[in-house]
Every structure is written in C-alpha cells, then in structure tokens.
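Under the working numbering, think of the first position of the sequence shown as 14, with each following residue one higher.
In this text, a Cβ means the ideal position worked out from N, Cα and C, and glycines have one as well.
Step one of this worksheet: look at the structure below.
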Amino acid sequence: MWQLSQYGGPDFSSHGISLLNGWLPLAAQIIAGLVLLAAIGRRDRRWFTWCLPILALCAGMTVVLFQRYVSGHGLASDPAPSALWIWIGVTAAAVGLVALGWRGSRWSRRGLCALAVPLSLLCVGVSLNDWVGYFPTVTEAWSQLTAGPLPDEVDAADLAGLAGTGATMTTGRLVGVTIPATTSHFTHREEYVYLPPAWFTPSRARLPVLMMISGEFNTPADWIRVGNAVQIEDDFAAHHQGQAPVVVFVDSGGSFNNDTECVNGPRGNVADYLTKDVPTYLESQFQVATESVHWGIVGWSAGGTCALDLTVMHPELFGTFEDIAGDLGPNVGDKATTIANLYGGDARAWANFDPLTVLAAHAPYPNTAGWFENSSGTGFGGQVWRGGGPGAGPGGGPRGGGHPGGPGDLGNRPGGTAGYGGRPDGRDAPGAEPAAATQLCTAARAKAIECTLHTQDGRHSWQFASTAFSDALPWLASRLGLPAAGGSATQQPGQSVASSAIAGGQPH
Numbered sequence: 014m015w016q017l018s019q020y021g022g023p024d025f026s027s028h029g030i031s032l033l034n035g036w037l038p039l040a041a042q043i044i045a046g047l048v049l050l051a052a053i054g055r056r057d058r059r060w061f062t063w064c065l066p067i068l069a070l071c072a073g074m075t076v077v078l079f080q081r082y083v084s085g086h087g088l089a090s091d092p093a094p095s096a097l098w099i100w101i102g103v104t105a106a107a108v109g110l111v112a113l114g115w116r117g118s119r120w121s122r123r124g125l126c127a128l129a130v131p132l133s134l135l136c137v138g139v140s141l142n143d144w145v146g147y148f149p150t151v152t153e154a155w156s157q158l159t160a161g162p163l164p165d166e167v168d169a170a171d172l173a174g175l176a177g178t179g180a181t182m183t184t185g186r187l188v189g190v191t192i193p194a195t196t197s198h199f200t201h202r203e204e205y206v207y208l209p210p211a212w213f214t215p216s217r218a219r220l221p222v223l224m225m226i227s228g229e230f231n232t233p234a235d236w237i238r239v240g241n242a243v244q245i246e247d248d249f250a251a252h253h254q255g256q257a258p259v260v261v262f263v264d265s266g267g268s269f270n271n272d273t274e275c276v277n278g279p280r281g282n283v284a285d286y287l288t289k290d291v292p293t294y295l296e297s298q299f300q301v302a303t304e305s306v307h308w309g310i311v312g313w314s315a316g317g318t319c320a321l322d323l324t325v326m327h328p329e330l331f332g333t334f335e336d337i338a339g340d341l342g343p344n345v346g347d348k349a350t351t352i353a354n355l356y357g358g359d360a361r362a363w364a365n366f367d368p369l370t371v372l373a374a375h376a377p378y379p380n381t382a383g384w385f386e387n388s389s390g391t392g393f394g395g396q397v398w399r400g401g402g403p404g405a406g407p408g409g410g411p412r413g414g415g416h417p418g419g420p421g422d423l424g425n426r427p428g429g430t431a432g433y434g435g436r437p438d439g440r441d442a443p444g445a446e447p448a449a450a451t452q453l454c455t456a457a458r459a460k461a462i463e464c465t466l467h468t469q470d471g472r473h474s475w476q477f478a479s480t481a482f483s484d485a486l487p488w489l490a491s492r493l494g495l496p497a498a499g500g501s502a503t504q505q506p507g508q509s510v511a512s513s514a515i516a517g518g519q520p521h
C-alpha cells in the first residue's frame with residue numbers, strides 16, 4: 014500500500030481492482046498458461062520431437078531480439094522483471110504453435126491455439142505494467158485507454174466566465190492549450206495548464222510557474238492521469254488559501270515513443286521549445302510571473318534529467334528544479350549510441366547538453382536550488398525493487414550512467430571501463446540513479462547551487478513519482494515565492510530524507 018502524503022499523495026491500492034498486485038494479474042497468467050498447455054495437449058512423439066524444439070528456438074530468439082532492441086536504443090532503466098521476458102517468449106511460442114499446429118488439428122484445438130496468443134500478449138502487458146506502474150487499477154486503465162475526462166478540465170472559452178470566482182472555488186481548473194512553436198518549430202501534441210483558485214481572484218498577483226515533464230514513452234497528460242499532479246495541486250491550494258503554482262504539463266516527445274531527452278537534435282528542437290516558446294506563451298496568455306526565481310521544473314525519470322539539464326543551462330529562466338530518478342545526463346544508450354542517435358553524430362552537441370560539462374564551465378549560480386529524489390530500492394510492503402521501467406536506461410540505474418572526462422571528451426571516465434556507464438556495454442548496476450544524483454549534487458554545490466538528496470521506499474514507477482512530487486511541493490512553492498507557502502522546506506509525512514555532507518541541509 015502506498016503511503017498518503019500531506020498534499021494528495023494517493024493510496025493506489027484503494028481505487029478499484031489492482032493491476033500491480035493481487036489476484037487479477039496472477040489469474041491472467043494462470044489462465045494463459047493453462048490454455049497454452051491445453052492447446053499443446055496430447056500429440057504424437059514425432060510432433061514433440063521436431064515441433065517443440067522449433068517453438069523453443071522461436072521463443073528464445075524473440076526474447077534475445079527484444080532485449081537487444083531495448084538495450085541498443087536505451088529504452089529502459091533497470092532490469093526488466095523476469096516475467097516480462099518469459100511472457101514475450103511464451104507469446105512467440107504461442108504464435109509458432111498456431112502456425113505449426115493448425116493443420117490437421119480439431120477445431121477445438123485450433124481455437125485454443127488462437128486463444129493462447131492474445132492471452133499471452135495480455136500477460137506481456139501485465140508484466141510490463143507491473144514494471145512501470147502505468148495503470149495502477151482497472152479503473153485507471155479504462156479511463157486512460159478511453160481518454161476519459163481529466164480532473165478539473167474546462168474549455169479555454171470558459172475561463173473568462175470564471176474570472177473573479179476564485180474565492181469560492183474548491184479546486185483549480187485545467188485547460189488544454191496549443192502552444193505555437195514559433196521559434197523551435199517542434200511538432201507537439203496538446204498540452205495542459207493548471208490554474209489554481211488564486212488565479213481567478215480579482216486583482217491577483219502574478220503567480221509562479223512549475224513546468225512538469227514526464228518520462229520516456231509519455232503523453233502530456235501522464236502527470237495528470239497517472240502522477241495525480243492536479244489532485245496534489247488542489248490539495249495544496251486547499252491548505253494555502255487557494256494559492257498554488259500555475260503548472261504547465263508540457264510535451265517533451267511529440268509522440269509516444271520519441272525520446273528527445275529535451276535536447277535539440279534530429280528528434281526535434283525540444284530545448285528551444287521548452288525554454289523559448291513555452292515561457293513566452295505562458296507569460297502572454299496567463300499573466301504569470303516572469304522572473305527566473307518564480308519558475309521551476311519538475312521531471313520524472315527522463316524528465317528528471319530534463320529538469321536538471323534545462324535549469325543548469327538556463328538559470329536566467331529557471332531557479333528551481335526537482336529531479337525525480339533522473340539520469341546523469343541526456344542519453345539513449347551508451348555514449349556512442351547517444352551521439353549518433355540523439356545528436357546526429359555531433360559530439361559537441363553532446364557536450365553542450367551534458368549537465369556535468371555545463372556545470373564545470375559555468376560561473377557560480379547566484380540563486381538556484383534543486384531537490385533530488387530517488388528510490389531506496391525496496392518496494393512498499395517489503396518487496397524488493399526489481400527495477401524501473403522505461404524512462405531511464407538499460408541494465409539498471411540511469412541510461413548511460415558514468416561521465417567521461419570533459420567537454421567533447423569521448424574517452425572513458427577515470428578509473429572506469431569502456432562505455433558511457435563505466436561498463437563495456439554502457440550500463441550501470443541497479444541503484445545507479447542515487448549515485449548519479451550524488452555526483453550531480455556534488456558538482457552543483459561546487460557552483461553554489463543548493464541541493465538536497467532525498468529517498469523514499471518504492472521502485473521506479475509512477476506511484477513513486479507522484480509521492481515524490483507531493484513531498485517536494487511545499488518546498489517548491491516556497492522557493493518559487495508563493496506568499497502562502499511560508500518560508501522553509503519541511504519534511505512531509507512518509508518521506509525519508511538522506512542528506513549527506515554534500516547536501517548541506519535543506520535548500521534555502
């Protein structure tokens with residue numbers, strides 16, 4: 014069971030039938046296995062002699078191909094659960110069974126063979142969802158897959174009629190926006206802006222802004238639907254006289270499977286979009302604060318990498334960030350793969366967007382602070398963290414991991430081995446995200462950036478990200494200058510904070 018945080022951290026175990034644990038995932042796998050066994054059934058020895066080895070070979074080759082694809086493209090963070098690879102292999106075997114066992118079989122057996130394929134695919138989906146926590150319950154899955162209404166959502170045309178009603182509002186409002194990509198020309202999907210009740214009050218002050226960025230394989234609504242961010246903001250506003258930051262839920266990919274890492278490159282000029290087009294639009298359309306001290310970024314997984322990177326690259330725009338389980342730097346695999354695929358072969362572009370390189374060359378930052386949050390490696394209820402999902406990198410911890418020498422240096426990290434992550438295959442061991450946060454915080458403090466390191470129980474999933482945002486929101490609001498937020502950052506219930514010597518206590 015997930016703990017409740019003060020500002021809307023949800024109990025994901027109480028909103029319908031769970032898809033992350035309990036009877037339903039287990040039942041689906043048992044049924045799929047029984048159907049497949051029934052489809053094989055009794056056959057002659059000759060069939061078992063030549064068909065089963067072929068099915069086993071198909072299953073093994075399919076698993077190897079999927080693993081190589083995920084690793085080669087940097088599509089995942091920590092090792093996938095064994096169940097995912099098992100069910101991918103079973104699905105391939107089920108497809109092969111249809112092809113090899115159809116001819117000469119009774120229609121009843123043919124039906125079982127055909128049924129085994131979708132049931133096995135369902136189990137692949139169940140295992141994948143258990144890895145990433147994208148659909149906590151059947152209700153949430155149905156709502157997302159059918160594109161149900163978002164919480165607090167209104168049409169842009171309704172905003173004018175709500176002016177002056179903020180004092181009576183119990184929740185904020187969410188509006189879909191189409192932000193012109195005038196500078197970047199980045200093709201993106203519809204995005205969303207959350208406006209707290211205070212935005213609708215007469216003669217309101219210009220409110221601060223939080224930019225929210227999802228992980229890899231994302232939609233702009235993920236922080237809303239899965240990360241519970243609107244509910245967290247509403248609960249915070251209810252405790253602070255209707256005041257909360259304005260939040261823009263941005264599109265960092267343009268499509269579900271386009272991992273841009275928020276850089277400029279062949280996959281889109283996303284950095285220009287987020288640092289030029291989005292702020293200009295928010296300031297003109299919603300009359301928000303314009304100074305960097307009133308702008309912050311929150312990112313989860315690959316989005317956490319974006320949050321840190323954009324802040325250290327553009328302190329004139331952003332003064333505060335929360336990096337939730339981010340990487341050491343933008344990457345889509347090992348360093349060579351990253352330079353080739355993310356930057357079109359331009360090694361200088363890699364250095365321009367590498368946060369450690371940027372920090373090393375930058376003057377001290379006058380008023381910047383960051384909050385790093387990572388999993389302790391143990392799931393709630395004492396479960397061992399089996400690894401994260403897409404949004405960070407292959408093989409455990411950050412996609413990529415270690416950091417080569419200096420600007421443009423394509424060599425190895427001192428004391429490490431070949432590969433961006435300090436291993437020949439460019440991958441790090443599980444738990445490298447906290448190590449990356451420690452290294453980044455050390456480099457940041459050397460440039461006068463205040464930062465703290467935080468941990469919580471859980472694994473690399475959206476439920477972890479939601480709780481991390483809820484824990485940090487009071488500190489974020491205070492940093493951004495929200496009058497009702499009070500002065501200092503405080504630890505919230507359910508939060509475990511690890512502040513080593515490099516963290517230097519709470520940011521201020």
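Does DSSP put isoleucine 462 in a helix, a strand or coil?
Under the three-state reduction of DSSP output, isoleucine 462 falls in the coil class, being neither helix nor strand.
If you measure between the beta carbons of phenylalanine 334 and glycine 309, is that distance less than 8 Å?
Against a cut-off of 8 Å, the Cβ pair of glycine 309 and phenylalanine 334 comes out as a contact.
Please tell me whether threonine 184 and aspartate 168 are closer than 8 Å, where the distance is taken between their beta carbons.
Their beta carbons are not under 8 Å apart, which means threonine 184 does not touch aspartate 168 by this criterion.
Quick check: the Cα distance between glycine 494 and valine 306, rounded to an integer number of angstroms?
Those two C-alpha atoms are separated by around 7 Å.
Isoleucine 30, buried or exposed, once every other Cβ within 10 Å from all chains shown has been counted against 16
Within a 10 Å sphere around the beta-carbon of isoleucine 30 sit fewer than 16 other beta-carbons, which makes this residue exposed.
Drop a sphere of 10 angstroms on the beta-carbon of threonine 232, count the other beta-carbons inside from all chains shown, and report buried for 16 or more, exposed for fewer.
Counting the other Cβ atoms within 10 Å of the Cβ of threonine 232 gives 16 or more, which makes it buried.
Candidates Glu274, Ser297 and Val111: which alpha carbon is nearest glycine 346's?
Restricting attention to Glu274, Ser297 and Val111, the CA atom closest to the CA of glycine 346 is found in Glu274.
Unbroken beta strand (DSSP E) run spanning tryptophan 308, endpoints:
Unbroken beta strand (DSSP E) run through tryptophan 308: 308 to 313.
Three-state secondary structure (DSSP) of threonine 303
It is coil, neither helix nor strand.
Should glutamate 304 go down as buried or exposed, given a rule of 16 or more other Cβ atoms within 10 Å for buried?
Exposed: under 16 other Cβ atoms inside 10 Å.
Put glycine 109 into one of helix, strand or coil per three-state DSSP.
The answer is helix: DSSP assigns glycine 109 an H, G or I state.
For glycine 414, name the three-state secondary structure that DSSP assigns.
Summary for glycine 414: the model assigns pLDDT 34, below 50, so the residue's position carries little reliability; its value from the coordinates is reported in the next sentence. Under the three-state reduction of DSSP, glycine 414 is assigned to coil, being neither helix nor strand.
Rounded to the nearest angstrom, what separates proline 379 and proline 210 at their Cα positions?
Answer to the nearest angstrom: the Cα atoms are 32 Å apart.
Are there three or more Cβ pairs, one per stretch, closer than 8 Å when the segment 192 to 204 is compared with the segment 250 to 267?
Verdict: yes, contact present.
Length of the line joining the Cα atoms of threonine 196 and glycine 267
Distance between the alpha carbons of threonine 196 and glycine 267: 16 Å.
Which same chain residues end up closer than 8 Å to proline 80 when comparing Cβ atoms and leaving out the 5 residues on each side of it in sequence?
The sequence as given places glutamine at residue 80; proline does not occur at that position. Shown here for glutamine 80: same chain residues with a beta carbon closer than 8 Å to its own, the five before and five after excluded, namely Trp98 in chain order.
Test item: CB-CB of histidine 467 and serine 388 under 8 Å
Cβ distance not < 8 Å, so histidine 467 and serine 388 don't count as in contact.
Could you spell out where the alpha helix (DSSP H) holding threonine 350 opens and where it closes?
Here the alpha helix (DSSP H) through threonine 350 covers 348 to 355.
Express the C-alpha separation of arginine 123 and glycine 114 in angstroms, rounding to a whole number.
The C-alpha of arginine 123 is placed about 8 Å away from the C-alpha of glycine 114.
Heavy atom of the ligand SAM within 7 Å of isoleucine 337 beta-carbon
Questions concerning the ligand SAM fall outside what the structure shown contains, since it holds no ligand whatsoever.
Alpha carbon of glycine 401 to alpha carbon of tryptophan 120, nearest angstrom
Any reading at glycine 401 must be qualified, since the residue scores a pLDDT of 35, below 50, and its modelled position is unreliable; no value is offered.
Helix, strand or coil, according to DSSP, for alanine 382 in the structure here?
In this structure, alanine 382 counts as strand in the three-state DSSP scheme.
Taking the alpha-carbon of glycine 278 as reference, which of Gly312, Ala362 and Asp336 has the nearest alpha-carbon?
Check the Cα spacing between glycine 278 and each of Gly312, Ala362 and Asp336: the tightest is with Ala362.
Could you tell me the boundaries of the beta strand (DSSP E) in which leucine 208 lies?
Counting along the chain, the beta strand (DSSP E) containing leucine 208 begins and ends at 204 to 208.
In terms of alpha-carbon separation, which member of Tyr205, Ala448 and Ser483 lies closest to glycine 189?
Checked all of Tyr205, Ala448 and Ser483; the closest Cα to glycine 189 is Tyr205.
Just verifying my parser: in three-state terms, what is the DSSP assignment at isoleucine 30?
In this structure, DSSP gives isoleucine 30 a state outside helix and strand, which the three-state scheme calls coil.
Where does arginine 59 fall in DSSP's three states?
Looking at arginine 59 - three-state DSSP - the assignment turns out to be helix.
Among all the DSSP beta bridges, which residues are the ones paired with phenylalanine 230?
Phenylalanine 230 pairs with nothing; no bridge assigned.
Around the C-beta of glutamate 246, are 16 or more other C-beta atoms found within 10 angstroms, so that it is buried, or is it exposed?
Glutamate 246 comes out buried.
Serine 314 classed as buried or exposed, judged by whether at least 16 other C-beta atoms fall within 10 angstroms
The Cβ neighbour count for serine 314, taken over all protein chains shown within 10 Å, is at least 16; the residue is labelled buried.
Short of 7 Å in beta carbon distance, which residues of its chain neighbour tryptophan 100, apart from the five on each side in sequence? Order them along the chain.
Excluding sequence neighbours, tryptophan 100 sits near Ser133, Cys136, Val137 and Ser140.
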